[in-house]
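Reviewing the structure listed below.
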Amino acid sequence: MAGIRMPHLPNEIFYEIAGYVDDKDILNLRLSAKVFQYVTADRFATAFFQDRAYELSPKGLTALVKITEHSVFAPHIRTVIIGHGVKRSSAKYHGLLEQAFQNLASIGNTISLGLRRVRTSHNYQHKVHCGGHQRWRFWRDKMLPAASHAQMPVGNIVADVQTASQNRLLPSDSQYWSQDFIDVLLAGALGNGLTRDYQIKLGAGGSDSSKSSFIRVGLQGKRLEGLRVCTWDSYNYLTYGLMLQLREIDLDDCVTNYNWLAELLRTTCSRQLEHLSLYNVRLRQRTGNSHRSRTWLKLFKSLKSPTVLKSCKFGRLWSDSGDLWLEGGKKPSKPVPELKSLLSSQTSPLVSALPNSMVDGGP
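Residue 100 in the UniProt record's numbering sits at position 100 of the sequence shown, and the numbers go up by one each step.
What follows is the structure, encoded as structure tokens:
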């Protein structure tokens, strides 16, 4: 083995080496030897091109065209996100965008289209929500027609409100930007049937998916999914009409407020909700609520008996006072029934309609 040089080693060895390298060091590994360029091609393309945002400029869109022409990297592109800063003129870039979409259409992959909010000196402070509608007009008037003309299959829509240094659940100004997104979305893509799902990306970006956070609404699967987000202002993400269509709700590691979650569950449970999963969810209280630790109990008792609900999964439900009233956390100051006791009783119409085998309290 001492006399064997690197190019003569089996490919399995190179795959093992590449597996121990962080995404940030993949580029350096590829430059160290040509043999690593082949074994890391898929991972490199996934980390650097799959969710990349392209600048709305000749340089940025030219890079998009060149990547879509690459025989190895182009098949890995699943999302085209354009960074838009409102003020830049975009008419002369339409040809580059259409050329890139034609290249992707020839591959045959379904491509998600979206915009990333780019903060610049003229839109960073004060009225940061101004210009959001102009951004989404570019998406509606430029990106969608270019994709349609190129006959490129369009997947879901992505509203990327994250920034490079942002690592918070929900920026205070994102609600305005997202409201413009919903307005244009409902008037545009959903109206003409080009797409079925949409996603709002929040929090830190990059290739580390463990730090990502998002709200995803799948209208085709009729599913609402939230991961590491604060839904305090989520009235902007869901309309009443969209609530009526949901069959599945999955909130994981989220912060939500009583009124929004109550309206969501009351609307969906009385219609066609089939699956409900709430894990590590902190419920913010209504103003003046003196029974903080009883808020979850009150919420579940207020729900009407569901008609088609098939399964419920609950775990680590927190109150606004910081007490975890499921097993494994600090006990509330006042005696409160634990969640499993609530689930096993008939006090909640949400659960009483289900067989015991369908209910999972979770650790």
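Ideal placement from N, C-alpha and C gives every residue a C-beta, glycine not left out.
Nothing here was measured: the structure is a model prediction, and the numbers come from that model.
Classification of residue i by the beta-carbon crowding that lies within 10 angstroms, buried from 16 upward
i, result
"residue 108", "exposed"
"residue 244", "exposed"
"residue 335", "Reliability fails at residue 335, whose pLDDT of 36 lies under 50, so the model's placement of it is uncertain and the value that follows must be treated cautiously. Residue 335 comes out exposed."
"residue 59", "exposed"
"residue 268", "buried"
"residue 72", "exposed"
"residue 69", "exposed"
"residue 76", "buried"
"residue 213", "buried"
"residue 112", "buried"
"residue 259", "exposed"
"residue 308", "exposed"
"residue 415", "With the chain represented from 1 up to 363, any question about residue 415 goes unanswered, as that position is not in the structure."
"residue 201", "buried"
"residue 345", "Note that residue 345 scores a pLDDT of 48, beneath 50, so its modelled location is shaky and nothing firm can be said."
"residue 127", "Caution applies to residue 127, whose pLDDT of 46 falls short of 50 and renders its modelled position unreliable; the model cannot decide the point."
"residue 80", "buried"
Reference residue i, options the options, closest by Cα
i, options, result
"residue 314", "255, 260, 251, 274", "251"
"residue 228", "160, 279, 103", "279"
"residue 316", "137, 255, 303", "255"
"residue 199", "114, 118, 62", "114"
"residue 154", "101, 118, 136, 296", "101"
"residue 273", "261, 253, 246, 137", "246"
"residue 96", "64, 265, 80", "64"
"residue 283", "99, 79, 302, 253", "253"
"residue 311", "299, 262, 249", "249"
"residue 156", "264, 103, 145, 220", "220"
"residue 62", "49, 142, 296, 99", "99"
"residue 106", "137, 149, 136, 117", "149"
"residue 110", "136, 118, 117, 147", "147"
"residue 92", "49, 53, 138", "138"
"residue 118", "160, 152, 216", "160"
"residue 276", "299, 298, 223, 263", "223"
"residue 318", "299, 301, 281", "281"
"residue 104", "262, 140, 152", "152"
"residue 143", "299, 266, 54", "54"
"residue 116", "49, 78, 158", "158"
Supposed close pair residue i, residue j - CB separation, criterion 8 Å
i, j, result
"residue 84", "residue 56", "5 Å"
"residue 74", "residue 67", "6 Å"
"residue 218", "residue 197", "4 Å"
"residue 262", "residue 297", "Residue 262 to residue 297, Cβ: 13 Å. No contact."
Check: residue i C-beta below 7 Å from any heavy atom of the ligand FAD
i, result
"residue 106", "In terms of ligand content, the structure shown is empty, and the ligand FAD therefore cannot be addressed."
is_contact[residue i, chain C] using C-beta, thresh 8 Å
i, result
"residue 106", "Absent from the structure: chain C. Only one protein chain is present."
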